[in-house]
Amino acid sequence: MKIVVAMTGASGAAFAARLLDVLDQQQHDVHLIISESAGLVFQEELGLRIDVRQLDPCEFVLQCRRALEPWGGTQTSSIQLQPPQLQPRGTLRYYQANDFMAPIASGSYLTDGMVVCPCSGGTLSSIVHGLGNNLIHRAADVHLKERRRLIVVPRETPLSAIQLENMRRLAEAGAVVMPAMPGWYHGVRGVMDLIDFMVARILDQLEIPHELVRRWGTQMELS
Ligand SMILES: Cc1cc2nc3c(=O)[nH]c(=O)nc-3n(C[C@H](O)[C@H](O)[C@H](O)COP(=O)(O)O)c2cc1C
554 MKIVVAMTGA SGAAFAARLL DVLDQQQHDV HLIISESAGL VFQEELGLRI DVRQLDPCEF
614 VLQCRRALEP WGGTQTSSIQ LQPPQLQPRG TLRYYQANDF MAPIASGSYL TDGMVVCPCS
674 GGTLSSIVHG LGNNLIHRAA DVHLKERRRL IVVPRETPLS AIQLENMRRL AEAGAVVMPA
734 MPGWYHGVRG VMDLIDFMVA RILDQLEIPH ELVRRWGTQM ELS
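Residue numbers (the numbering used here): 554 to 776.
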């Protein structure tokens with residue numbers, strides 16, 4: 554599948570890192586955009602030093618895997634974290650957030666959907682108001698106008714009335730709003746299981762088959 558992945562400056566870089574890892578393992582065609590603030594959050598939360606103005610997406614996937622390693626494997630997943638020494642398997646393209654010449658800035662370029670993960674309150678607001686003042690906002694706008702899948706993963710707590718209203722409006726406009734709120738009912742043994750819960754729900758919304766976490770109603774095989 555051809556998926557646009559936008560990472561913005563909300564907390565929860567690990568969700569984005571694992572999403573990228575899994576999409577790459579499954580050999581999807583990923584079009585990646587990372588905001589300046591997301592770069593700061595990746596540094597703060599995962600210790601990654603990245604320059605969003607000149608990023609090698611293949612190296613970035615490997616960096617993400619390396620950063621997630623200390624959290625260990627996942628107990629419930631059949632998709633283990635890929636070792637960082639293995640080369641990326643999917644097709645990865647990276648665009649700077651001011652690159653309006655990118656194919657994904659136009660509705661005529663076909664994609665199977667877009668995920669904004671994590672999504673800051675700022676980006677949420679910009680998408681809701683159709684600002685289109687960077688490639689992330691513009692690509693999201695394109696997905697809404699073309700009636701394609703747009704999945705937005707905001708992270709903030711508590712939420713102001715403004716943010717709640719923005720989420721309501723975005724859902725009404727056709728996006729799937731799924732706050733980074735992992736469930737705990739799939740046999741959580743560690744942090745990776747919580748990360749994988751969110752990534753699994755995102756993949757479900759993209760209709761990408763996976764066995765990332767145990768589904769409710771299926772056998773629990775943990776000892
Ligand atoms: C370490 C760090 C953590 C942040 N966490 C959040 C957050 O959880 N939610 C949020 O809405 N903004 C958060 N922010 C603030 C946003 O990054 C800021 O509003 C920024 O302008 C968002 O820009 P962007 O949407 O273009 O990435 C955080 C900033 C930093 C540096």
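Yeah, the Cβ is synthetic: ideal placement off N, Cα and C, and Gly gets one too.
Query, Result
"Three or more C-beta pairs below 8 Å linking the stretch 663-678 and the stretch 596-616", "no"
"Buried or exposed by the 16-neighbour rule on C-beta atoms within 10 Å, applied to I715", "exposed"
"Nearest-angstrom Cβ-Cβ length linking F568 and V706, presumed shorter than 8 Å", "7 Å"
"S564 (DSSP reduced to helix, strand or coil)", "coil"
"Ligand 1 heavy atom lying under 7 Å from the CB of V730", "no"
"Any C-beta of chain B under 8 Å from that of H763", "Given the protein chain composition of this structure (a single chain), no chain B is represented."
"I556 versus S713: straight-line alpha-carbon distance, rounded", "30 Å"
"CA-to-CA distance, Q640 to L608, given in whole angstroms", "16 Å"
"Ligand 1 heavy atom lying under 7 Å from the CB of S564", "yes"
"Three-state secondary structure (DSSP) of E601", "This sequence places Leu at residue 601; Glu is not what is there. Note: L601 maps to coil in three-state DSSP."
"Beta-bridge pairing of P762 - partner residues as DSSP gives them", "Beta-bridge pairing links P762 to no other residue."
"Those residues which DSSP pairs with H584 across a bridge", "V557 and R646"
"Contacting residues, own chain, Cβ-Cβ under 8 Å from G736 (five flanking each side not counted)", "F750"
"Beta carbon of T664 nearer than 8 Å to that of R701", "yes"
"E760 to I603 span [Cα, whole Å]", "31 Å"
"E718 beta carbon near ligand 1 (any heavy atom closer than 7 Å)", "no"
"G685 to L703 span [Cα, whole Å]", "15 Å"
"8 Å Cβ cutoff met for S588 and I689", "yes"
"Cα-Cα separation between Y784 and Q580, rounded to whole angstroms", "Nothing about residue 784 can be read from this structure; the chain reaches only from 554 to 776."
"Cα-Cα separation, R754 to T710", "20 Å"
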